[in-house]
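One structure is given here, and the rest of the page talks about it.
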RNA sequence: UCCGGAGUAGCUCAGUCGGUAGAGCAGGCGGCUGUUAACCGCCGGGUCAGGGGUUCGAGUCCCUUCUCCGGAGCCA
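Residue numbers (the numbering used here): 11 to 473.
As structure tokens, this is what we get:
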């Protein structure tokens with residue numbers, strides 16, 4: 011059994027003096043002189059660094075002197091008030107155990123590295139202040155998401171990662187197969203014989219758990235999914251990865267209005283948790299990554315979210331006199347520049363844009379009585395643009411079937427989905443939130459590759 | 001995928017007019033100091049992204065390939 015340790019985040023809360031404190035962690039730096047050696051220790055439990063003071067009388071002092079940045083050590087000693095500036099307490103070591111020395115070519119230095127470089131050492135970058143903070147925030151927010159839904163009686167549904175549905179137009183899919191790519195079995199006509207594949211049909215990684223989620227909402231009431239999602243798009247941007255996490259709640263007996271109300275409460279719950287439980291990390295982001303972050307998050311937390319139909323949003327954008335790279339008109343997809351101008355300049359706070367033209371939205375969204383729009387909603391927030399996309403779902407069998415056919419999808423493939431509209435269909439609605447986009451918003455980090463531990467992007471699947 | 005920018009030591013970068021490859025940090029050795037991005041001295045460290053071309057001579061100019069970054073599209 012290993013000797014016990016106290017996490018540094020807790021040690022820094024203690025009132026010195028405290029005898030027999032034991033910590034373990036990794037060295038950020040070593041400063042040595044004849045009379046005394048200083049170690050700075052971090053263990054990932056917080057941003058905090060514990061200064062360890064080592065007296066030359068320790069038996070292994072020569073080895074301690076030669077410790078390198080990145081080395082793992084355990085220290086036993088007395089926590090005392092620090093006589094010098096820079097820290098309030100320090101650990102006077104009575105024993106320093108060298109657990110794992112970092113070799114001389116340890117790539118992290120006591121200076122600023124580019125995020126670009128740190129991405130190439132994703133297995134080590136969690137030892138830096140920024141990434142440590144990012145992944146602590148990520149963990150807290152994941153927990154907060156579960157708390158929000160569980161507290162409201164939602165059921166957490168594990169929707170499948172492997173799927174046979176040919177998407178809903180949500181992008182390119184990764185194929186899942188056990189066939190030998192060099193010599194796949196062929197049909198008499200010379201095509202690949204998918205009947206011989208593992209699932210006896212073509213299979214893919216999921217692009218969304220929504221359709222499966224809907225079937226559970228129609229039966230279990232309020233549900234949510236929270237899991238990985240895959241897109242094989244050749245997207246090379248700071249906002250796209252091939253593997254990411256999504257949260258998709260789905261609520262029975264809900265309309266678009268109810269959907270917005272829940273989404274607003276959801277976002278505010280997450281921001282409140284962030285500001286309360288990750289105060290130190292948020293302060294770091296505010297100071298080092300994105301000045302004004304805290305104020306922006308507080309502003310959103312305290313503002314009632316606006317609700318506005320797409321038609322009105324288009325009118326307001328047209329009337330603004332602002333010139334855009336892409337023109338605004340009814341029927342056009344709102345571009346990122348439009349979304350941001352709307353929420354930042356015209357409204358000045360988050361806004362739900364609702365009721366989009368049916369041509370630019372997915373087949374499962376509920377047709378409005380006007381015949382030309384669907385009950386869709388996007389939540390736009392300052393600085394980021396779209397954070398949430400959702401809709402009231404089409405619960406009428408005939409209308410859904412027609413929408414499916416108009417989209418060119420085969421009703422046979424969606425027979426199970428259509429069934430829910432034949433057996434006790436109900437009005438229902440839901441939305442999707444990209445977890446990494448949320449973390450970017452919460453931390454001010456500009457690149458999605460820096461908020462997921464091991465990002466998968468085109469040509470990148472290391473680690 | 002399209003447009004733009006970039007690629008020089010382990011990292012961050014400089015490199016003039018085309019003329020023997022540089023600094024800081026990191027590493028090793030030594031010194032010094034209750035230090036704190038510690039400091040001082042010495043030392044090791046390079047396929048200048050790859051290939052081709054122009055030239056007496058290319059990190060530098062030209063062509064090309066690759067990679068990365070940013071923006072766009074797609075979207076979350």
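Think of the CB as a built atom: it goes at the ideal place given N, C-alpha and C, for glycine as much as any other residue.
If you draw a 10 Å sphere on the C-beta of residue 53, you find 16 or more other C-beta atoms in it, and that means buried. Ranked by Cα distance from residue 300, the options 290, 60, 456 are led by 456. In the structure shown, residue 323 falls within a helical segment according to DSSP collapsed to helix, strand and coil.
Checking the DSSP bridge columns, you'll see residue 36 partnered with 52, 82. Taking 9 angstroms as the cut-off, the Cβ atoms of residue 360 and residue 390 count as close. Assigned with DSSP and collapsed to three states, residue 89 falls in strand. If you draw a straight line from the Cα of residue 166 to the Cα of residue 438, it is about 17 angstroms long. The segment 188-198 and the segment 216-228 do not touch, with fewer than three beta-carbon pairs separated by less than 8 angstroms.
For the options 99, 227, 84, 83, the alpha carbon positioned closest to that of residue 90 is the one of 99.
Following the DSSP letters along the chain, one finds residue 18 inside the alpha helix (DSSP H) bounded by residues 18-21. The count of Cβ pairs closer than 8 angstroms, one atom from the segment 383-400 and one from the segment 267-275, reaches three, so the stretches are in contact. Contact annotation: the segment 43-51 touches the segment 59-72, with at least three C-beta pairs closer than 8 angstroms. The beta carbon of residue 14 lies closer than 7 angstroms to those of 32 in the same chain, with the five residues before and after it left out. Restricted to the segment 116-191, not a single beta strand (DSSP E) segment is unbroken, complete and at least 3 residues in length. C-alpha of residue 164 to C-alpha of residue 264: approximately 14 angstroms in a straight line. Take the alpha-carbon of residue 435 and the one of residue 374: they are about 14 angstroms apart. If the five residues before and after residue 466 are omitted, its C-beta is found closer than 7 angstroms to the C-beta atoms of 251, 252, 253, all from its own chain and listed in chain order. Remark: C-beta atoms of residue 112 and residue 87 do not approach each other more closely than 9 angstroms. DSSP places residue 347 in no beta strand (DSSP E) but in the uninterrupted alpha helix (DSSP H) bounded by 346-350. Residue 28 sits in a strand when the DSSP states are folded into three classes. Beta-bridge partners of residue 256 (DSSP): 237, 444. Under a 10 Å Cβ-count criterion, residue 255 is classified as buried, with 16 or more other Cβ atoms of the shown protein chains found around its own Cβ. In the structure shown, residue 60 adopts extended strand secondary structure according to DSSP, grouped into three states. Restricting attention to 469, 30, 234, the CA atom closest to the CA of residue 156 is found in 234. With respect to residue 405, residue 357 sits apart: the two C-beta atoms are not nearer than 9 angstroms. Annotation note: the segment 405-440 contains the following uninterrupted alpha helix (DSSP H) runs of length 4 or greater, listed N- to C-terminal: 407-417, 425-429.
Beta-bridge partners of residue 42 (DSSP): 47. As the crow flies, the alpha-carbon of residue 55 is around 11 angstroms from that of residue 139. The three-state reading of DSSP puts residue 362 in strand, counting E and B together. The alpha-carbon of residue 290 is positioned some 7 angstroms away from that of residue 57. By DSSP's assignment, residue 467 forms a beta bridge with 470.
C-alpha of residue 85 to C-alpha of residue 36: approximately 11 angstroms in a straight line. Ranked by Cα distance from residue 310, the options 318, 285, 331, 328 are led by 285. Counting along the chain, the unbroken alpha helix (DSSP H) around residue 275 starts and ends at 266-287. A distance below 7 angstroms between beta-carbons, with the five flanking residues on each side excluded, links residue 145 to the following residues of its chain, in chain order: 136, 463. DSSP places residue 102 in no alpha helix (DSSP H) but in the uninterrupted beta strand (DSSP E) bounded by 99-110.
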